[in-house]
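Student:
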Amino acid sequence: MGDDDVDRNRPLVLAEDTDLLDDLLRLAAAAGCELHRVADAVALRRDWGTAPLVLLDPAGVARCAAAVPPRRPGVLVVCAGEPPPQLWPHAVAVGAERVVSLPRDEEWLVAALTDAVETPGPGRGRVLALLGGRGGAGASTLAAAVAVTAARRGDRTLLVDCDPLGGGLDLALGLETADGLRWPELALGSGRVAASSLRAALPATECGDTPLTVLSCDRSGRAPAPDAVAAVVDSARRAGETVVCDLPRHLPEFALVALDRADLVLLVVPADVRSCAAASVTATRLAERGARLGLVVRLPAPGGLTPGDVSRALGCPVLACVRDDPAVGKVLDHGRLPGRRGTLSRVARRVLDALAGTAARQQVGASPDGRSPVGAGRAG
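At position 339 of the sequence shown (counting the first as 1) the number is 1543 in this note's numbering, and the numbers step up by one without a gap.
Now the structure itself:
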């Protein structure tokens, strides 16, 4: 990437007020971005049409208005305190979207800078939440497989571990000694955070050409704060990422934050009567939250329950079935990534298709008689 490309990815600033410029540099640092400062309106014109955002102080907007630049979105006029009356005609002349008053609008400006410098993927980011219908149902294993499969497809992916009593998903992916922050070390408040800053701070594993970023709990049992979960999920979605959240089935407040942001929620249920009874409470609670809910039924069924039986018991469609495969457990116990073949991989691909909307237009779940659900079969 050349210098010109770097400049085009930075917000553009024309400011003569050195105190105000210091404030802008401080706020840009909080947003995880750098500013491209120019000295005059002539230099401003060069990158006027390509910068993600343009910031002008009162003197800068006056000089810019005199140069009569073409209209563009993302022009902000920034001043200290209340805007003076003479500022407004200049702001109108350059087509400014907003006059920002500091320090009153600092939080808003940090959010605007954060959004401006993110590089979104193709289309809107999507959020998937998975949880077990009972303890040990295999939701964490499926969450890891879906995240790995998404990254192997070339999607920028974030796997979010929201189960502080689960032992840490970094262990399952062989990242327990990898550099990077876990939830207890991640200091986030209720503001926004840049996805690029998250990616730089968290451990990652290579999945083909695309790294999979992992935000894991550790072995302390400390839970993340709800505001921090919201900031992380919102940041990755804004950046166009696929976000996979592994949630505990008792759904504490921090897990509900991720749940309420999910485009699709999967409940993993073993095909036995006790598991269905346990899952019914969770399924009811998910429905009350307005979740778009699908079931993943884990086979075999020792008592002969069909996927259709599970679907009718819980009042939810079956998205896929997965058969127990001892090899998967051995792979994860050794910290290796799930393979590209087998039932688990096929189910992960089906889940991603549904999440992306390609499968959502089709009838989701088992056939009316409960047979031939998507993804059924033995590992290959």
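For each residue, glycine too, the CB sits at the ideal point set by N, CA and C.
Assuming C1449 is part of the beta strand (DSSP E), what are its boundary residues?
Tutor: Note, C1449: beta strand (DSSP E), T1446 to D1450.
Student: Here's a check: name, in chain order, each residue in its chain whose Cβ is nearer than 8 Å to the Cβ of A1263, leaving out the five neighbours to either side.
Tutor: Excluding residues within five positions, the ones whose Cβ falls inside 8 Å are A1219, E1220 and D1221.
Student: Is the separation between the beta-carbon of G1265 and that of H1294 shorter than 8 Å?
Tutor: In the sequence as presented, Gly is not what sits at residue 1265; that position holds Val. Closer than 8 Å, so yes.
Student: Have a look at E1301 and W1252 and give me their C-alpha separation to the nearest angstrom.
Tutor: If you take the alpha carbons of E1301 and W1252, they lie about 15 Å apart.
Student: When you compare only the Cα positions, how much space is there between L1455 and P1407?
Tutor: Each residue's Cα considered, the two are about 25 Å apart.
Student: According to the neighbour-count rule (16 or more other Cβ atoms, all chains shown, within 10 Å of its Cβ), is S1645 buried or exposed?
Tutor: Beyond the ends of the chain as shown, which are 1205 and 1584, falls residue 1645; an answer cannot be given.
Student: Between the C-alpha atoms of R1565 and L1559, what's the straight-line distance to the nearest angstrom?
Tutor: Note that R1565 scores 41 on pLDDT, short of 50, meaning its location in the model is unreliable; the coordinates nonetheless yield the value given after this. Distance between the alpha carbons of R1565 and L1559 is about 11 Å.
Student: Check D1422 in the structure and name its three-state DSSP category.
Tutor: DSSP places D1422 in coil when its eight states are reduced to three.
Student: Give the C-beta separation of P1388 and S1424 to the nearest angstrom, bearing in mind that I take them to be a contact with Cβ-Cβ under 8 Å.
Tutor: About 6 Å; that satisfies the 8 Å criterion.
Student: In this structure, how does DSSP classify G1494 when only helix, strand and coil are distinguished?
Tutor: DSSP places G1494 in coil when its eight states are reduced to three.
Student: Quick one: residues in its chain with C-beta nearer than 6 Å to the C-beta of L1168, no 5 flanking neighbours on either side, listed in chain order?
Tutor: In the structure as shown, the chain starts at 1205 and stops at 1584, and residue 1168 therefore has no counterpart that could be examined.
Student: May I ask you to report which of helix, strand or coil DSSP gives A1315?
Tutor: Three-state DSSP puts A1315 in a helix.
Student: Sort out for me which residues DSSP pairs L1335 with in a bridge.
Tutor: L1335 is bridged to L1471.
Student: Around the Cβ of T1510, are there at least 16 other Cβ atoms within 10 angstroms (buried) or fewer (exposed)?
Tutor: Its Cβ being crowded by 16 or more others within 10 Å, T1510 is buried.
Student: Can you tell which of A1297, P1368 and A1505 has the C-alpha that lies nearest to the C-alpha of P1274?
Tutor: When only C-alpha atoms are compared, the closest one is A1297.
Student: Tell whether a beta-carbon distance below 8 Å holds between A1475 and V1501.
Tutor: Yes.
Student: Let me know the beta strand (DSSP E) ranges lying completely inside the segment 1237-1322, each 3 residues or longer, listed in chain order.
Tutor: List check, beta strand (DSSP E) in window: 1258-1260, 1279-1284 and 1302-1306.
Student: Pull up the distance between the alpha-carbon of C1283 and that of Q1290, whole angstroms please.
Tutor: C-alpha separation (whole angstroms): 12 Å.
Student: Would you kindly work out how many angstroms separate the C-alpha atoms of A1487 and P1521, rounded to a whole number?
Tutor: Looking at the two C-alpha atoms, the distance is approximately 11 Å.
Student: Excluding the five sequence neighbours on either side, which residues of its own chain have a C-beta within less than 7 Å of the C-beta of A1483, listed in chain order?
Tutor: Taken in chain order, the residues that qualify are G1337, R1338, L1471, V1473 and L1518.
Student: Can you tell me whether DSSP reads G1569 as helix, strand or coil?
Tutor: For G1569, the predicted structure reports a pLDDT of 41, less than 50, and the residue's modelled location is therefore unreliable. A value from the coordinates is still provided. It is coil, neither helix nor strand.
Student: Under the three-state reduction of DSSP, which class applies to E1389: helix, strand or coil?
Tutor: In this structure, E1389 counts as helix in the three-state DSSP scheme.
Student: What is the DSSP secondary structure of R1330, reduced to helix, strand or coil?
Tutor: Three-state DSSP puts R1330 in a strand.
Student: From which residue to which residue does the beta strand (DSSP E) around R1527 run?
Tutor: Its beta strand (DSSP E) spans residues V1522 to R1527.
Student: Tell me the DSSP bridge mates of T1547?
Tutor: Note: T1547 sits in no beta bridge, so no partner.
Student: Near P1326, what residues of its chain come up, given a Cβ to Cβ distance below 8 Å and the 5 sequence neighbours on each side ignored?
Tutor: Because the pLDDT of P1326 is 48, which lies under 50, any placement of that residue in the model is unreliable, and the number read from its coordinates should be weighed accordingly. These residues qualify, in order along the chain: G1444.
Student: Using 8 Å as the Cβ pair cut-off and three pairs as the minimum, do the segment 1412-1420 and the segment 1380-1387 touch?
Tutor: In short, these stretches touch, since the Cβ pair count reaches three.
Student: To the nearest angstrom, report how far apart L1379 and L1317 are at their CA atoms.
Tutor: Their Cα atoms are separated by approximately 32 Å.
Student: Verify whether the separation of the beta carbon atoms of A1434 and V1461 is less than 8 Å.
Tutor: Taking 8 Å as the Cβ cut-off, A1434 and V1461 qualify as a contacting pair.
Student: Look at the alpha carbon of G1285 and the alpha carbon of S1305, and state the distance between them as a whole number of angstroms.
Tutor: Answer to the nearest angstrom: the Cα atoms are 6 Å apart.
Student: To the nearest angstrom, report how far apart C1237 and S1515 are at their CA atoms.
Tutor: When rounded, the distance between both Cα atoms is 48 Å.
Student: Do T1353 and R1553 come within 8 Å of each other at the CB atom, strictly closer than that value?
Tutor: Result yes, Cβ atoms of R1553 and T1353 sit closer than 8 Å.
Student: Do you know offhand how far A1349's Cα is from L1373's?
Tutor: When rounded, the distance between both Cα atoms is 11 Å.
Student: Exposed or buried, which one is V1578 when buried takes at least 16 other CB atoms within 10 Å?
Tutor: For V1578, the predicted structure reports a pLDDT of 40, less than 50, and the residue's modelled location is therefore unreliable. A value from the coordinates is still provided. Label assigned to V1578: buried.
Student: Given this structure, state the Cα-to-Cα distance separating G1508 from D1529, to the nearest angstrom.
Tutor: The alpha-carbon atoms of G1508 and D1529 are separated by roughly 19 Å.
Student: Buried or exposed: where does A1432 fall if 16 or more other Cβ atoms within 10 Å of its Cβ makes it buried?
Tutor: So A1432 ends up on the buried side.
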